[in-house]
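All remarks here apply to the structure that follows.
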Amino acid sequence: MPERIRHAPLDLEQFKPAKAEIHLIKDECKGCGYCIEFCPKKVLEESDEINARGVHPPKVVDEDKCIICSFCSAVCPDFAIFVVEKKNKEGK
Amino acid sequence: MSESKESKPRQDGQIRIGVYVCHCGLNIAGSVDCGEVAKFAATLPNVVLAQDNRYTCSDQGQAGIKKDIQEQKLNRVVVASCSPRLHEPTFRKACEDAGLNKYLFEMANIREHCSWVHLYDKEAATEKAKDLVKMAVAKVALLEPEDEVSVPITRKALVIGGGVAGIQAALDLADTGYKVYLVEKEPSIGGMMARIDKTFPTMDCSICILAPKMSDAGHHPNIELLTNSEVAEVKGYIGNFHVKVLRKPRYVTKDCSACGECVKVCPIVAPNEFDVGLAVRHGVYTPFAQAVPSTYIIDMSLCLNKEGVIVCDKCTKACERQAISFEMKPVTEELEVGTIIVATGADVFDPSVLPNYGYGKIANVITTLEFERLINAGGPSGGHLIRPSDKQIPKRVAFVQCVGSRSARSGRLYCSNVCCMNTIKDSLLIKEHWPDTEIYVFYVDIRAYGKGFEDLYKRARNAGVVFIRGLPAEIVEDKKTHNVWLIGENTLRKEVYRISADMAILSIGLEARKDSETIQRLLTLSRNQDGFFLEAHPKLRPVDAATAGVFFAGCAESPKDIKDSVTQASAAAARAGILMAKGQVTVEAITPTLFPEKCKVCGLCVKVCPYNAISLNKDLKRVEIIEAACGGCGTCAAECNFGALTQKHFTDEQIMAQIDAITENEAEKKIVAFCCNWCSYAGADFAGVSRMQYPPNARIIRTMCSGRVAQKFVERAFARGVASVLVSGCHLGDCHYINANYQTQKRVERLWKKMEQNGLDKQRLQLLWASAAEGEKFASKMREMKTIVENVKPEEIEKGKKVFATALEGD
Amino acid sequence: MSRIKSALTGAHFMNGDVACAEGAIAVGCRFFAGYPITPATEIAEHLSQRMPEFGGIYVQMEDEIASLAAVIGASYSGLKAMTATSGPGFSLMQENIGLAVMTEAPCVIVDVMRGGPSTGQPTMPGQQDVMQAKWGSHGDYGIIALTPSSVQEMFDLTVEAFNLSEAYRVPTLLMGDEIVGHMWEKVVIPSPDKIRIVNRKKPNVSPEKYLPFKPDDDLVPPMACFGEGYHFHSTGLTHDEHGYPRTSSSEVQSKLVRRLCDKIQKNADKIVKVEEVMLEDAEVVVVAYGIVARAALSAIRKAREKGIKAGLLRLITLWPFPEERVAKAAKRARAIVVPEMNCGQMVREVERVAKETPVVFLSKLGEEPHTPLEILEAIRRSK
Amino acid sequence: MVQETVPVVVHPFSKYLRAEMMPHIWCQGCGNGVLLNCFVHALDELQTDLDKLVVVSGIGCIGRTAGYMNADSFHTTHGRALAFATGVKLANPELEIVVISGDGDLFAIGGNHFIHAARRNIGIKVLCANNLNYGMTGGQQGPTTPLESVTTTSPYGNIEHPFNLVHLAAASGSTYVARWTSLHVRRLTQSIKKMLQKEGFCFVEMLSPCPEIYGRYNKMRSGLEMMSWFKKASVVENFSDPSKADITPERIVVGEFVDIEKLSYEKMLHEKISKINEKAIEGVS
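Residue numbers (the numbering used here), protein chains in the order written: chain R, 52 to 143; chain Z, -13 to 797; chain A, -4 to 378; chain U, -12 to 272.
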């Protein structure tokens, strides 16, 4: 249906995705850049901080953009990153 | 494949021609002296009987011919009357009933091409009629008896488009017992009707009456659903179409139980096209709840798993039936079908091109399709008509009619047929839910012509809907309240109105599908100026396409409501059923004849044949003709310059005999006009039917396609001193034989170059592309060529004779 | 795998290879991986028949390297495992013997020696692999090698070899030869309860505290096996007591390698076995082993008849070399005669230990082993 | 002042790894880490009983994997992992045995053991990190080094036609054969899970970036460059003909190639043994 879509969807606010909590184990990172390159939402980028191995570990650009697909943690050769769902206050 | 025996032995014994000049009431006799024409015909060679009568096509007329054939032993018949496109089949049948081979018959079109177009010049018209009869007699003498080849029809059908029309056609054919392939571009069948809330005039819930049909189509043993697929290629001809369908991958297998768990976890959100973007769908989705097939689909343009790398596997994990598979690949399926039904439907008009209505800029201006989704219980607002700006239920609503219909500004002059009734239905829907809403309908003409339409209209009026005649010139938004001001002129009261409303609903019209140009090219169809497909005959063959074996249903042919679409669908199914029930169809015996000894195996003919019905056979040292695949255009015969190929019923000798007949006297005042049966000849007929008057210089020779006009025909006409020659055919791309008219273009260009090189006036050879509807274009070309004929000097004629003298060799 | 079929007991008449096979079964070996090679193939053939009867595993691998690797694997899965080969196979196995030593995997390797080197004399006896038995693999390590001189000993020493390998977690070699392997003799097999069976020490600490290579005071670490939940690591790399690779620490390397050597050397007295015949007053001592020792026995008897005080010291344990026993005999004797079917291998050890006592080396290659007369002649000459 | 306990950041997979041995020795961008990650991910999803798991690895960079696994593990001599594993599996068929090794170890020196283990269809699961050269020893050409690749022992370009591992594995009789690259981590994990649940000899090849050594000599100096080669060249085709799956710079066919059922060696052996024992019981009683 090729009609061009004019109005923003009316029920957009009903879509509340889970919030992400990104854990970086900075000193494990060897700076291969895989997580930064292949994150589908470009949530990570190289930080200018130097870790114990003398490389730039990634830093989180915008945690809200993360959709918790955990590809970064799956492709990380050094087990230096993982993502969990951020528990809200009541810990739910 | 019947390859011709040695050229058929000529009819032994004498040629006995009967000529019948028809008065057609006053249509011909009004401006042609039929008696004189008949007397003239009697003097022509081999004519043993010539008479004129009032209505040759009537039963007595036909009975007279049959009697003469038997008693007078006629072995050729010429009828000078109307266009062969109308009554050639009738008279052929008459000859056949009298035991005469129906191919030994020729017509002279002295009505549409003579009497009707030269109403006020009886003398010239009569002279022209004589010439046309002389041409017919010259050709008929050379005609041979032919027998027709029959072609098997595959008892399977292809339906393109899964809207209500496609579904109905598929169900009808499947119930008759034929295998049906239903190809639908979208992930689910259902088309436009699935998106509508209620139907008019019965106010049924649209999806409730459509869904059962959809599931019938989905589970019918004879119907194979090919959704998310497009027709990629169509080859072959009636009864033997080889269709390639590109099945795009759904990335979800058939094990999907439509449980929806994957949608819950999919992080991707996008406007749902089905709800015109008013609701949200996910990367993995199903367009609507009642979708058939129910298997979900992944929109790969949104999904993060691109280029073979699965980044996010949330849906795969959530699917406990393991139905998600990113490895699926597009598949091209090859189908063999006998008939094709085009039910591709229509698009809705996008009103954003009309700045004065502010659609897309003013929040509370929506279209009726958006209204259908809002008022629908399954839609984004749960069935509440709300204003996009503040999501409140409006107190005052304004409908604006003819948006994108009957308007030059929007480039759509036609009436879209459904918008008036749709608005009336919508207004009643609003009144039903919220009775005290004030409703205004700005209209030009309310078209409530159908059964039950009028009382729906009355109910709307009684319910207090205010109908104001005169479309608003402009819709302006009140920035604060987001209400809209509709400013226009009430043409009945002749006063300007400025009415404010909470929201405006534009009643948008329907327009031809943007991709219908592809379908047209695939099936060699033609389209009218509005872009809808052109039926074979508006009255007598409304659902047939010009291409044999192809039929239309629904809005693809023109905008119409559900009832008409379904009616057309059943009609198309019935028409297709006839072919498939018979199981075979006879092919007109106008296929090429081969003289093997002359064939140089050069392969030129193979290259030009649009249906690749000719193939080179190196070891037999000649070409082979597949009669069944041949479309009958004759381009191959024109291309062969070794005389190895000619077209039955339009042989070189027969056409040259017609040229000679024209140029026998006063050639310098005449135009030899070659017209193709499907377009320019029909265009000339159209000019005649519309009584367009033009000078009588031209004498039209009919060939099946302009591709049949060989260079030597034009050269012969000039060699015999004709003033001017017209070669005409269908527009490039519209040719009934796919691309045969490209060869015509090449040949005329070669002739122009030759004429230039030899100092001849190029203007004397004219090339005209005129479709069946362009009578006016044909008539004006006739007028234009008259001036050319007038200032052709005798020396120019003589020079022409000398330059093309070679064309007369072998005479 | 219950012992359904009754084990063989009592007197039987069989060839050396079969006796070895029955010895293995008797001592509880339940895994054999081998590769056909004359003259050891009968061991494999017999075990392929008998192992299944005891729920044991017989597998024929693609080569000797794979055979020993499989044996080590089976050993680490808790089974007593062995392989049998001859010269060429024995050479192929050397790298994995090193692996077995380094990972302290108990297993038994039977080398039915034949004429060498290379393909040599497949059907002829030889004693030319005895030095390879000790120094075959690269690096320093301790190894145990026994050598039978009768079909009965093919049975008894196979049992002994398994017990030693389990006790000291070390690959133990049984250096037979073609004749001992192929000749038929009477064998008396004790009933199962009479056969001494030693099993490897199991860890007595919880998996968290278990150190796979932390030795007890007998220098032998208790051994956990796969599937018992200890989650231990074992590697051919130099490793610490955790079994974790520590390839750059010289301290770890020297501690580990010295232990692997001392584990055998320090326990030599518990391992060594010889047979002494009329040595008390012997002036000429014949030191011999394997098939040659049988001829030597009849030679010393003939010498005695001729009034020559001759005695026989038969080595049953080749490695660790029985130094005191040979030294003691050498001190008393005036000469030592060492008949060997090679160009002089164990004779070097005897000379090293005999110090001043002259050693007469009687070398024989090729077809039959030394005849008693040849040895007698040597005894007479050396008086 | 309440000392707010900072939660110790523990990777969810740490329980599968030997903390004392981590972090591992592999270079920046090396694919071995990804293979270990996917293997552990598969174990986690299957909730494999670590007490019944034995990880055996040969010699080479990937050979160190056994050391990092918190399970019974053995680091064999070069090329002998499969033979060793055969012994382990036959001795105790309940054990889940996974051999994780490299292209050199499994297909050069260990090639003979590979084809026989596959032929026997012994229940061993093989995970091969194919980094196209001998990494540990500094980057020599190996059995899978592409034609014309530069390595320390093929300075003028390798002229040996490399093995097509999936073709070799399929032809030798494996019941499950798949190839993915280190970019296709999701499907590599699925393939590992599938093979762990299958009977008989299974082989999964992972094309592994070796930027520090192989990449350095072949114009792919960084892990990202090798990964983008994988991405550009990979073609996902399941059950295509393995003999047509040679790896070329332009085309790497990934996917599952073989997934058949075949009685495993250990099952047949133990069925025979029990039959023999039954006969033996009849004989005795």
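Backbone N, C-alpha and C fix where the C-beta goes; we use that ideal spot for every residue, glycine too.
The beta strand (DSSP E) enclosing residue i, as first and last residue numbers
i	result
G715(Z)	S710 to G715
F244(U)	I239 to D246
D59(U)	D59 to H62
A459(Z)	P458 to E463
F799(Z)	Any question about residue 799(Z) goes unanswered here, given that chain Z covers just -13 to 797.
V217(Z)	S215 to Y223
M207(U)	Run containing M207(U): none; DSSP gives neither H nor E here.
Contact belief for residue i with residue j at Cβ below 8 Å, rounded distance in angstroms
i	j	result
M178(A)	M108(A)	Incorrect: roughly 14 Å between the Cβ atoms, too far for contact.
D747(Z)	E782(Z)	6 Å
R164(A)	R191(A)	Contact flag wrong, Cβ pair sits at about 18 Å.
P317(A)	V267(A)	4 Å
V220(Z)	V119(Z)	That belief does not hold up - the Cβ atoms of V220(Z) and V119(Z) are roughly 42 Å apart, past 8 Å.
Beta-carbon contacts of residue i that lie in its chain and below 6 Å, excluding the five residues immediately before and after
i	result
L93(U)	F101 and C115
P380(Z)	R373, D488 and M489
K70(R)	K137
Extent of the continuous alpha helix (DSSP H) to which residue i belongs
i	result
W314(A)	Looking at the DSSP string, W314(A) is not in any alpha helix (DSSP H); the run it does join, the beta strand (DSSP E), is T312 to W314.
R809(Z)	This structure gives no information on residue 809(Z), because the portion of chain Z shown stretches from -13 to 797.
I138(A)	Here I138(A) belongs to no alpha helix (DSSP H), and DSSP marks it neither H nor E.
I798(Z)	What the structure shows of chain Z is the stretch from -13 to 797, and residue 798(Z) is not part of that stretch, so it cannot be assessed.
I195(Z)	S192 to H205
Y85(R)	Y85 to F89
Own chain partners of residue i with C-beta closer than 8 Å, once the 5 adjacent residues on each side are dropped
i	result
K(-9)(Z)	Confidence at K(-9)(Z) is low in this model, with a pLDDT of 42, below 50, so the placement of that residue should be treated as unreliable; the coordinate-derived value is given next. Counting only Cβ-Cβ distances below 8 Å, and skipping sequence neighbours, we find nothing.
Q56(Z)	A84 and G85
K79(Z)	K88
Burial state of residue i, where buried means 16 or more other Cβ atoms lie within 10 Å
i	result
Q644(Z)	buried
E99(A)	buried
C338(A)	exposed
Q314(A)	Gln is not the amino acid found at residue 314(A); the sequence shown has Trp there. Answer is buried; the Cβ neighbour count reaches 16.
P31(A)	exposed
T185(Z)	buried
M255(U)	exposed
Q570(Z)	exposed
I247(U)	exposed
W130(A)	exposed
Residues near residue i by beta carbon distance below 7 Å, same chain, minus five either side
i	result
K240(Z)	T281
G693(Z)	C619, G620, T621, A624, Y723, A726, N727, Q729 and T730
Mind listing, in chain order, the continuous alpha helix (DSSP H) runs of no fewer than 4 residues lying wholly within the stretch 95 to 158 of chain U? Taking only runs of at least 4 residues, the alpha helix (DSSP H) segments lying wholly in the stretch 95 to 158 of chain U are 98 to 107.
Would you mind listing the alpha helix (DSSP H) stretches within the stretch 319 to 373 of chain Z that are 4+ residues and don't spill past its ends, in chain order? The qualifying runs are 354 to 361.
Using Cβ-Cβ distances below 7 Å, what residues of the stretch 56 to 70 of chain R are close to chain B? Judged by its chain identifiers, the structure shown contains no chain B, and its protein chains are R, Z, A and U.
List in chain order: all unbroken beta strand (DSSP E) runs of 3+ residues lying wholly within the stretch -3 to 74 of chain Z. If we require 3 residues or more, the beta strand (DSSP E) runs fully inside the stretch -3 to 74 of chain Z come out as 3 to 8, 33 to 39 and 62 to 67.
Secondary structure, beta strand (DSSP E): runs of 3+ residues fully inside the stretch 270 to 303 of chain A: If we require 3 residues or more, the beta strand (DSSP E) runs fully inside the stretch 270 to 303 of chain A come out as 279 to 284.
Contiguous alpha helix (DSSP H) assignments of at least 4 residues, all confined to the stretch 487 to 543 of chain Z: Here the runs fully enclosed are 502 to 508.
In the stretch 625 to 674 of chain Z, which residue ranges form an unbroken alpha helix (DSSP H) of at least 4 residues, counting only runs that do not cross its ends? Runs of the alpha helix (DSSP H) inside the stretch 625 to 674 of chain Z: 638 to 649.
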